[in-house]
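S.K.: Have a look at this one.
There are 2 protein chains.
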Amino acid sequence: MPASPPEHSGRRRGGRRGGDADTRGDILRAARRQFANGYEATTVRAIARDAAVDPSLIVQFFGGKEGLFRAILDEAVRPHDGIESALAEGDGEVGARLAAYFFGIWEDPARREPFQAMLVSAAFNEAASDVLRDFVRAEVIARVGSVIEGGDVELRAELAGAHLIGAALVRYVYRIPPLCDIPLAEVVGPVGRAIQGYLTGTHVS
Amino acid sequence: MPASPPEHSGRRRGGRRGGDADTRGDILRAARRQFANGYEATTVRAIARDAAVDPSLIVQFFGGKEGLFRAILDEAVRPHDGIESALAEGDGEVGARLAAYFFGIWEDPARREPFQAMLVSAAFNEAASDVLRDFVRAEVIARVGSVIEGGDVELRAELAGAHLIGAALVRYVYRIPPLCDIPLAEVVGPVGRAIQGYLTGTHVS
DNA sequence: GGCAAAACTCATAGCGTGTTGAGTTCACCT
DNA sequence: AGGTGAACTCAACACGCTATGAGTTTTGCC
Chain C
1 MPASPPEHSG
11 RRRGGRRGGD
21 ADTRGDILRA
31 ARRQFANGYE
41 ATTVRAIARD
51 AAVDPSLIVQ
61 FFGGKEGLFR
71 AILDEAVRPH
81 DGIESALAEG
91 DGEVGARLAA
101 YFFGIWEDPA
111 RREPFQAMLV
121 SAAFNEAASD
131 VLRDFVRAEV
141 IARVGSVIEG
151 GDVELRAELA
161 GAHLIGAALV
171 RYVYRIPPLC
181 DIPLAEVVGP
191 VGRAIQGYLT
201 GTHVS
Chain D
1001 MPASPPEHSG
1011 RRRGGRRGGD
1021 ADTRGDILRA
1031 ARRQFANGYE
1041 ATTVRAIARD
1051 AAVDPSLIVQ
1061 FFGGKEGLFR
1071 AILDEAVRPH
1081 DGIESALAEG
1091 DGEVGARLAA
1101 YFFGIWEDPA
1111 RREPFQAMLV
1121 SAAFNEAASD
1131 VLRDFVRAEV
1141 IARVGSVIEG
1151 GDVELRAELA
1161 GAHLIGAALV
1171 RYVYRIPPLC
1181 DIPLAEVVGP
1191 VGRAIQGYLT
1201 GTHVS
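In the order they appear, the protein sequences are chains C and D.
The numbering of the first sequence is this note's numbering, which starts it at 1 and goes up by one.
The numbering of the second sequence is this note's numbering, which starts it at 1001 and goes up by one.
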């Protein structure tokens, strides 16, 4: 007869998990955390350890390290409707609303991590930089560019996005004071005003 | 008798190189290129291959992968006197002069690479992020902050730096159009004006 | 010329990686 | 109740990594 279910034991001997285990979700959550350090720096074994799962299960679910990575990138990139409403509504300046929406993402770890994974990995990983490029074009340049007036709308929208990215990196990833220490409102104010200059400026060159 | 010097052969059998070989410099140049992809993504073997050298020589010269990496970071961080003169001289706006100096670094591969290595690796490598933090504090916040007036000088100087970093990443690392395609002057103009707002604004919050 | 030290390569140790295949346990459907 | 397939673990393979130590060739100095 097989060993009776070792309910008190920390180790399982293989086989399907009982109950409502959301193992796939556990893996995704762990991967999100780990991949925030970049693709190459992350190991499948570390993700598996973090999710309390065998490494080979990751292969079975996602087809391997790269498949799991792409799943995380998809999380970061799925439609950001907040941009739409930040552009549409009318209290205060557009720049401040966009900045508030963007930094709001970074304040929540679960939403920050896939984003950070994309930014960090896009520096050298081809898949990640493709995803980032498409994201900036579709979500930032196209949407923001379509609501501002004047010439060079694409360039101005992109420069605003570049500023947001730089400020987020300094505050949340590089963690350089004083920017990383002050409350969110004190960041949104000046940054919102700066990108407002890009969005309402009539010319750039 | 030992094998006669195989001058025509592609392979050497060991031993010191003849002539004025700058092997140490070759290694540093190769490392600069490779480390621009991040610390973890770079292998000692790839650097050695790039420099046409045996991996163990890198260990002998620099003590290992990390020692070589620190040498590259030191390159990026050594005093940037261009900032001083950009702040001091007086034709045009300070913002534009700072932007021109900063982007000038990124236009030259040899000066960009250690910089890029620092930025990319600082996202997860403790050593690199320490170096970056010190660099921003000493070269940007302290120097720029000391010549501008009003309140919150440190924060405003840092936000200007954050914008420069973001724009450089989008243009030179992520390579997202249209910012990555237009000539330098058309970047320096608008970005210079934007950071000028930070540097001359009297208050931020 | 002779000799110590520096420069350089080779072989390999020791380890961690991503992935595979087989085996075990559970949930669902009829 | 029984069977099919999904979920899950275990052991191990093949590979690439950093680093070590010994051996070979050249330089610079006396």
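In this text, a Cβ means the ideal position worked out from N, Cα and C, and glycines have one as well.
Bear in mind that the values here come from a model prediction, so they are computed numbers and not experimental data.
Measure the Cβ-Cβ separation of C/Ile-27 and C/Ile-47 and say whether it is below 8 Å.
M.R.: Numbered from its first residue, the first sequence carries residue 27 of chain C at position 27. Numbered from its first residue, the first sequence carries residue 47 of chain C at position 47. Cβ atoms of C/Ile-27 and C/Ile-47: closer than 8 Å.
S.K.: Could you check what DSSP says for C/Tyr-39 in three-state terms: helix, strand or coil?
M.R.: Along the first sequence, read from residue 1 onward, the residue named residue 39 of chain C stands at position 39. Coil.
S.K.: Taking just the CA atoms, how far does D/Glu-1126 sit from D/Phe-1069?
M.R.: Within the second sequence, the letter at position 69 stands for residue 1069 of chain D. Within the second sequence, the letter at position 126 stands for residue 1126 of chain D. If you take the alpha carbons of D/Phe-1069 and D/Glu-1126, they lie about 12 Å apart.
S.K.: So with Cβ pairs under 8 Å, would you call C/Ser-205 a contact of chain D?
M.R.: As a first step, residue 205 of chain C must be located in the first sequence, where it is residue number 205. Since pLDDT at C/Ser-205 reaches only 49, below the 50 mark, its modelled position is unreliable, and the value read off the structure follows with that caveat. For C/Ser-205, the answer is yes, since a Cβ of chain D falls inside 8 Å of its Cβ.
S.K.: Any Cβ of chain C within less than 8 Å of the Cβ of D/Pro-1178?
M.R.: In the second sequence, residue 1178 of chain D corresponds to position 178, counting from 1. It does: the Cβ of D/Pro-1178 has a partner Cβ on chain C nearer than 8 Å.
S.K.: Note down, in chain order, each residue of its chain lying with its Cβ closer than 6 Å to the Cβ of D/Gly-1145, except the 5 sequence neighbours on either side.
M.R.: Residue mapping note: residue 1145 of chain D aligns to position 145 of the second sequence, counting from 1. Val-1153, Glu-1154 and Ala-1157, listed in sequence order.
S.K.: Going by DSSP in three states, D/Glu-1066 sits in which element: helix, strand or coil?
M.R.: Mapped onto the second sequence, residue 1066 of chain D falls at position 66. Of the three classes helix, strand and coil, the one that applies to D/Glu-1066 here is helix, per DSSP.
S.K.: At a CB distance below 9 Å, what residues from the segment 47 to 65 of chain C approach chain D? Give them in sequence order.
M.R.: Listed by position, the residues of the segment 47 to 65 of chain C near chain D (Cβ gap below 9 Å) amount to none.
S.K.: Is it true that the segment 172 to 186 of chain C meets the segment 1171 to 1191 of chain D, where meeting means three or more beta-carbon pairs spaced less than 8 Å apart?
M.R.: Judged by Cβ distances under 8 Å, the segment 172 to 186 of chain C makes no contact with the segment 1171 to 1191 of chain D, as fewer than three pairs qualify.
S.K.: Just to confirm, is the Cβ distance from C/Val-187 to C/Ala-167 under 8 Å?
M.R.: What you label residue 187 of chain C is simply residue 187 of the first sequence in a count that begins at 1. What you label residue 167 of chain C is simply residue 167 of the first sequence in a count that begins at 1. Contact: yes.
S.K.: Please confirm if the segment 104 to 124 of chain C is in contact with the segment 27 to 45 of chain C, defined as three or more CB-CB distances below 8 Å between the two stretches.
M.R.: In short, these stretches touch, since the Cβ pair count reaches three.
S.K.: If we require 4 or more residues per run, which alpha helix (DSSP H) segments fall completely within the segment 1094 to 1133 of chain D?
M.R.: 1094 to 1107 and 1109 to 1121, all fully within the segment 1094 to 1133 of chain D.
S.K.: Note down, in chain order, all residues in the segment 90 to 124 of chain C with a beta-carbon under 7 Å from any beta-carbon belonging to chain D.
M.R.: From the segment 90 to 124 of chain C, only Val-120, Ala-122, Ala-123 and Phe-124 have a Cβ closer than 7 Å to chain D.
S.K.: Where does the unbroken alpha helix (DSSP H) through C/Glu-186 begin, and where does it stop?
M.R.: As a working mapping, residue 186 of chain C is identified with position 186 in the first sequence. From DSSP, the alpha helix (DSSP H) with C/Glu-186 extends over 184 to 200.
S.K.: In terms of alpha-carbon separation, which member of D/Gly-1095, D/Gly-1192 and D/Pro-1079 lies closest to D/Val-1131?
M.R.: Stepping through the second sequence from its first residue, residue 1131 of chain D is reached at position 131. Taking only the C-alpha atoms, the option nearest D/Val-1131 is D/Pro-1079.
S.K.: Using a Cβ-Cβ cut-off of 8 Å, state whether D/Tyr-1172 counts as contacting chain C.
M.R.: Residue mapping note: residue 1172 of chain D aligns to position 172 of the second sequence, counting from 1. No, its Cβ sits nowhere closer than 8 Å to a Cβ of chain C.
S.K.: Can you tell me whether D/Ala-1138 is buried or exposed? The criterion is at least 16 other CB atoms within 10 Å of its CB, across all chains shown.
M.R.: Residue 1138 of chain D sits at position 138 when you count from the first residue of the second sequence. Exposed.
S.K.: Within the same chain, show all residues whose beta-carbon is closer than 6 Å to that of D/Pro-1114, passing over the 5 residues directly before and after it, in chain order.
M.R.: Taking the second sequence and counting its residues from 1, one reaches residue 1114 of chain D at position 114. Result list for D/Pro-1114: Arg-1032, Ile-1072, Glu-1075 and Ala-1076, in chain order.
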